[in-house]
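Engineer: Below you will find the structure I want to go over with you.
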Amino acid sequence: GRFHAISGLPAGGRGGFRVAFPLRTNYMFARLRGPVRSPLRALSACLWLRPGAAPNLGTPFSYAAPGQPNELVLLAWGGRPLELLVDDQ
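Listed below in structure tokens is the structure:
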């Protein structure tokens with residue numbers, strides 16, 4: 031598929047990486063391509079969610095790891111408080 035790369039980040043290539051977003055859709059996500067040379071020790075995410083804008087928002091943030099598709103998930107369902115899942119729990 032076609033992707034929009036974030037400017038200023040190294041493009042793919044040997045030992046490089048690239049963060050890319052797909053074309054505009056209602057299912058926006060980013061992909062990290064290329065090898066990660068060392069395990070992630072920290073992860074930061076910043077979201078702006080407008081209350082009441084989408085009562086059935088779903089999953090505004092999700093991070094998957096090999097063997098665990100729900101390593102870190104933020105859920106927002108139908109007016110309930112936000113729920114944070116870590117390791118699918």
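In my numbering, the protein residues as written are 31 to 119.
All C-beta atoms in this analysis are idealised placements derived from N, C-alpha and C, irrespective of residue type, glycine included.
The structure presented is a predicted model; accordingly, all values stated were derived computationally and were not measured.
So residue 91 packs on residue 77, CB below 8 Å; how close in whole Å?
Structural biologist: Yes, they are in contact, since the Cβ atoms of residue 91 and residue 77 sit about 6 Å apart, within 8 Å.
Engineer: Is residue 106 buried or exposed, if buried means 16 or more other CB atoms sit within 10 Å of its CB?
Structural biologist: Buried.
Engineer: Checking the sheet assignment: what are the DSSP bridge partners for residue 98?
Structural biologist: Looking at the DSSP assignment, residue 98 forms a beta bridge with 95.
Engineer: Could you tell me the alpha carbon to alpha carbon distance between residue 101 and residue 111, rounded to whole angstroms?
Structural biologist: Between residue 101 and residue 111, the C-alpha separation is close to 20 Å.
Engineer: On a CA-only basis, which of 89, 88, 95 is nearest residue 73? Give me that one, please.
Structural biologist: If we check each option's Cα against that of residue 73, 95 comes out closest.
Engineer: Could you pull out every residue in the same chain whose Cβ sits closer than 6 Å to the Cβ of residue 113, ignoring the five residues on either side in sequence?
Structural biologist: Closer than 6 Å at the Cβ level, and outside the excluded window around residue 113, lie 105.
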